[in-house]
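See below for the structure under consideration.
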DNA sequence: TACCAATAATTAGTGTGACAAATATATAAA
DNA sequence: TTTATATATTTGTCACACTAATTATTGGTA
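Written as structure tokens, this is what we have:
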């Protein structure tokens, strides 16, 4: 395995991840879902974990705080999410789905699961396991490196 | 395999791709490379295929034309790339590395290959083959779908 | 009490990604 | 030759990622 190969794999990984996102986004658009792929990820996690802070949510979806702030801003503007003041900590919020947010999640969930299926055609159960293991290995290889060195 | 799983794999893929890019970008920054990861990809491909048009280059690096235009703009501003008028077609350019661009590529290439290696620790030759196959399968599952339907 | 470090969230700045639309030029067809 | 179509690039807009810096608040400690 030459060093050149590693660069190629990084390229393939990036290219494929972009394609998966782009495909999903296009389907979202065709279906008039009124949210982006990333907004959906946030909505879905909020629906499964109500009343959490932005920091907790950011950790769930693996987005940084500025990015999450802006996604939440957009979801609030669209009326799907609201920020309630945190009862004990005035720096923080409890995020919540509005009734519109709840029905949006209910309406979109089955459609989105169907869209996600497309990417994984022609792959076996075992492929999924391998893929997951490799992705997680890569992630862990790089996570926290910046602090250690 | 449930539909929920497919969504999780999409998430893992996105998360890992972002981590790989972020890690590389951080190393680029620590090393004062004066280019971003994507700018490097463009520079490298230009060094291996001189005198090509932006359309050809965009196809090589799998970026869309507006994105490539802007990356080339930045590389021109930094003095690493220049647009020569295409001799036969006034709509088009021949892109070229400047002397500074050539020495930048020469200086960075070994460092970047080393950085890329980090992501792939703890994985075997066979893992790479599997990984490449799965990524390409996914890509092909989604490529061109928008036109067919 | 006053100070100080840590934390939650935001803002600002730059780069990238996707898509639509515009501009200029080239090429083929009528 | 005129017209129509296709191609190469750019511009505009919105969204996301990351860094650094800022604001407000909290909690611990001298």
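Chains as they are written, first to last, in our numbering: chain A, 3 to 151; chain B, 3 to 151.
We put the beta carbon where it would ideally sit given N, CA and C, even for glycine.
From a predicted model like this one, the values you see are computed outputs, not experimental measurements.
| What number of angstroms, rounded off, separates the C-alpha of residue 21/A from the C-alpha of residue 67/B? | Taking the straight line from one Cα to the other gives about 16 Å.
| request: Output yes if chain A places a C-beta closer than 9 Å to the C-beta of residue 129/B; else output no. | output: By this cut-off, residue 129/B is an interface position.
| query | Between residue 61/A and residue 83/A, is the Cβ-Cβ spacing less than 9 Å? | reply | With a cutoff of 9 Å on beta-carbon distance, residue 61/A and residue 83/A are scored as not near each other.
| field | 7 Å CB neighbourhood of residue 113/A in its chain, flanking five on each side removed | value | Cβ within range, chain order: 33.
| task | Evaluate residue 144/B with the Cβ neighbour count: other Cβ atoms within 10 Å of its Cβ, from every protein chain shown; 16 or more gives buried, anything less gives exposed. | result | With 16 or more other CB atoms across the displayed protein chains lying within 10 angstroms of its CB, residue 144/B is buried.
| Amino acids of chain B, ordered along the chain, whose beta-carbon sits closer than 7 Å to that of residue 123/A | Per Cβ cutoff of 7 Å: 143.
| Neighbouring residues, chain B, relative to residue 132/A (Cβ below 9 Å) | Correct list: 129, 132, 133, 136.
| query | Which residues, in chain order, does the region 7-19 of chain B contribute to contact with chain A at a C-beta distance below 9 Å? | reply | Answer set for the region 7-19 of chain B: 7, 8, 9, 10, 11, 12, 13, 14, 15, 16, 17, 18, 19.
| field | Rounded separation between residue 123/A and residue 41/A - CA only | value | Near 25 Å, if we compare the C-alpha coordinates of residue 41/A and residue 123/A.
| task | Determine the DSSP secondary structure at residue 67/B, reduced to helix, strand or coil. | result | Looking at residue 67/B - three-state DSSP - the assignment turns out to be helix.
| query | Does the distance from the CB of residue 115/B to the CB of residue 15/A come in under 9 Å? | reply | Against a cut-off of 9 Å, the Cβ pair of residue 15/A and residue 115/B comes out as no contact.
| message | For the region 66-92 of chain A, list every residue whose C-beta sits within 8 Å of some C-beta in chain B, in sequence order. | response | Listed in chain order, the positions of the region 66-92 of chain A with a beta carbon within less than 8 Å of a beta carbon of chain B would be empty, since no residue qualifies.
| request: Please classify residue 149/A: is it buried, with 16 or more other beta-carbons within 10 angstroms of its beta-carbon, or exposed? | output: With a pLDDT of 38 at residue 149/A, under the threshold of 50, the modelled position of this residue cannot be trusted, and the question is left open.
| request: Whole angstroms is fine: what's the gap from residue 118/B's alpha carbon to residue 29/B's? | output: Each residue's Cα considered, the two are about 10 Å apart.
| task | Report the neighbours of residue 115/B on chain A: residues whose CB is nearer than 8 Å to its CB, in chain order. | result | Result: 5, 6, 8, 9.
| Is it right to say residue 109/A is buried, meaning 16 or more other beta carbons lie within 10 angstroms of its own, or is it exposed? | Exposed, since its Cβ has fewer than 16 Cβ neighbours within 10 Å.
| field | Local conformation of residue 85/A per DSSP, three classes | value | Residue 85/A falls in the strand class under three-state DSSP.
| field | Cβ neighbour criterion (16 or more within 10 Å) applied to residue 105/B | value | Counting the other CB atoms within 10 Å of its CB gives residue 105/B a total below 16, which places it among the exposed residues.
| query | List, in order along the chain, the chain B residues whose C-beta lies closer than 7 Å to that of residue 23/A? | reply | For the C-beta of residue 23/A, the chain B residues within less than 7 Å are, from N- to C-terminus, 16.
| query | When you compare only the Cα positions, how much space is there between residue 7/A and residue 88/A? | reply | Rounded to the nearest angstrom, the two C-alpha atoms are 50 Å apart.
| request: Using a Cβ-Cβ cut-off of 9 Å, state whether residue 120/B counts as contacting chain A. | output: Under the Cβ distance rule, residue 120/B counts among the residues neighbouring chain A, one pair being separated by less than 9 Å.
| said: Less than 6 Å between C-beta atoms, sequence neighbours within five positions excluded: which residues of the same chain meet that for residue 4/B? | reply: Setting aside the 5 residues that flank it on each side, residue 4/B has no residue in the same chain whose C-beta is closer than 6 Å to its C-beta.
| Is residue 35/A helix, strand or coil when you go by DSSP? | Coil.
| Reference residue 64/A, options 94/B, 56/B, 24/B, 139/B, closest by Cα | By alpha-carbon distance to residue 64/A, the top candidate from 94/B, 56/B, 24/B, 139/B is 24/B.
| request: Could you check what DSSP says for residue 61/B in three-state terms: helix, strand or coil? | output: Of the three classes helix, strand and coil, the one that applies to residue 61/B here is helix, per DSSP.
| Any Cβ of chain B within less than 9 Å of the Cβ of residue 54/A? | Judged by the 9 Å Cβ criterion, residue 54/A is not in contact with chain B.
| request: Tell me whether the beta-carbon of residue 56/A lies closer than 9 Å to the beta-carbon of residue 74/A. | output: Taking the C-beta atoms as reference points, residue 74/A is found nearer than 9 Å to residue 56/A.
| said: Less than 6 Å between C-beta atoms, sequence neighbours within five positions excluded: which residues of the same chain meet that for residue 96/B? | reply: So the qualifying residues of the chain are 53, 86, 88.
| Rounded to a whole number of angstroms, what is the C-alpha to C-alpha distance between residue 137/B and residue 125/B? | Cα-Cα distance, rounded: 16 Å.
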